[in-house]
Amino acid sequence: MKVLGISGSPRKGGNSEFITAHALRAISEEGIETEMVSLAGLNIGHCIGCYACQKEHRCIIDDDLPPILEKMKAADGIILATPVYFSGASSLVKALMDRTGMVARYSDSLFKGKVGGPLVVGRRAGHNFAFAQMNYWFQILDFFMTGSSYWNVAFGKDKGEVAQDKEGLDTIWNFGKNVARLVKAVRVQV
Ligand SMILES: Cc1cc2nc3c(=O)[nH]c(=O)nc-3n(C[C@H](O)[C@H](O)[C@H](O)COP(=O)(O)O)c2cc1C
């Protein structure tokens, strides 16, 4: 069993990577394989609305996203982290959600039965909007989802600053533990 953590910030070594790694540590402690992918530095364009995915069951845009979609397909669980950008998810995360989400919907519910959920980090406000935005993606794509002791939001602006938000990190840690339990409960080991 494997959980994939995707950090959706364009900033390398930032807070989104930190909280993704934090959640994945909680999960790997429970004996589940984990992998982190950072979208920082990758070339991921936005959905162009061509609907080729409806016929081809893949995204025809030839950039850095298709290999990530393959990792998503192979995973039992997917955690998606974003920095808050003007009260929403980053444009990288939005592009990933739009493109992989449409492929999934036109491929017999590709993510059906996987476990997943969002993580959010921002300086001051707008976390819950980004959290809700990403929850809508997980919900419509047939994921099994879990909560935590609070919403999965954390605070920090500069690189590494989120390490000081104990409550945020505790929430994300607990979320990771719940993801691990859910993966074990609903995914059949092959
Ligand atoms: C374009 C842009 C928009 C932002 N908008 C918000 C915002 O609406 N609310 C907020 O609390 N922080 C906002 N921030 C701050 C980031 O969310 C914060 O620095 C976060 O820790 C960045 O995560 P990262 O280190 O993973 O890139 C914004 C930052 C940028 C660059």
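So the sequence shown is numbered by my numbering: it starts at 12 and just counts up by one.
Glycine included, every Cβ here is placed at the ideal spot set by N, Cα and C.
Since the structure is predicted, the reported quantities are computational estimates derived from the model, not experimental observations.
query, result
"Could you pull the start and end residues of the beta strand (DSSP E) that M47 belongs to?", "44–49"
"Take every Cβ of the region 93–110, pair it with every Cβ of the region 17–25, and state whether three or more of those distances are shorter than 8 angstroms.", "yes"
"With a Cβ-Cβ cutoff of 8 angstroms, do L193 and V95 count as a contact?", "no"
"Quick one: which unbroken beta strand (DSSP E) runs of 3-plus residues sit fully inside the region 30–94? Chain order, please.", "44–49, 88–94"
"I need the straight-line Cα distance from S120 to C70, nearest angstrom please.", "15 angstroms"
"Rank V190, F166, A196 by C-alpha distance to the C-alpha of G128 and give the top, closest one.", "V190"
"Just to be sure I understand the criterion: a residue counts if its Cβ is closer than 6 angstroms to at least one heavy atom of ligand 1. Which residues meet that?", "S20, R22, G25, N26, S27, P94, V95, Y96, F97, S98, V132, G133, R134, R135, A136, G137, G167, K168, K170"
"Between the Cα of G60 and the Cα atoms of Y161, K195, M113, which residue gives the shortest distance?", "M113"
"Assuming the contact rule is C-beta atoms closer than 8 angstroms, N26 and E178 should be a hit. Round their C-beta distance to whole Å, please.", "Their Cβ separation, rounded to whole angstroms, is 15 angstroms, which puts N26 and E178 out of contact at 8 angstroms."
"What is the DSSP secondary structure of K177, counted as helix, strand or coil?", "helix"
"Across the region 128–137 and the region 83–92, are there enough close Cβ pairs to call them in contact, namely three or more that are closer than 8 angstroms?", "yes"
"Going by Cα to Cα distance, which pick from E41, G167, E67, Q175 is closest to R134?", "G167"
"I need the straight-line Cα distance from A86 to K123, nearest angstrom please.", "12 angstroms"
"On a CA-only basis, which of A34, G16, I17, I43 is nearest V199? Give me that one, please.", "I43"
"Which residues mark the beginning and the end of the alpha helix (DSSP H) in which V114 is found?", "102–116"
"So, for S118: in the same chain, excluding its five sequence neighbours on each side, which residues have a beta-carbon less than 7 angstroms away from its beta-carbon?", "H68"
"Please work out which residues of its chain come closer than 7 angstroms, Cβ to Cβ, to V197, disregarding the five sequence neighbours upstream and downstream, and give them in chain order.", "G124, V126, F155"
"Which class does V194 belong to by DSSP, given the choice of helix, strand or coil?", "helix"
"Tell me the DSSP secondary structure of V201 in three-state form.", "Legend: pLDDT at V201 = 44, less than 50; position of this residue unreliable, value from coordinates given subsequently. The answer is coil: DSSP assigns V201 none of H, G, I, E or B."
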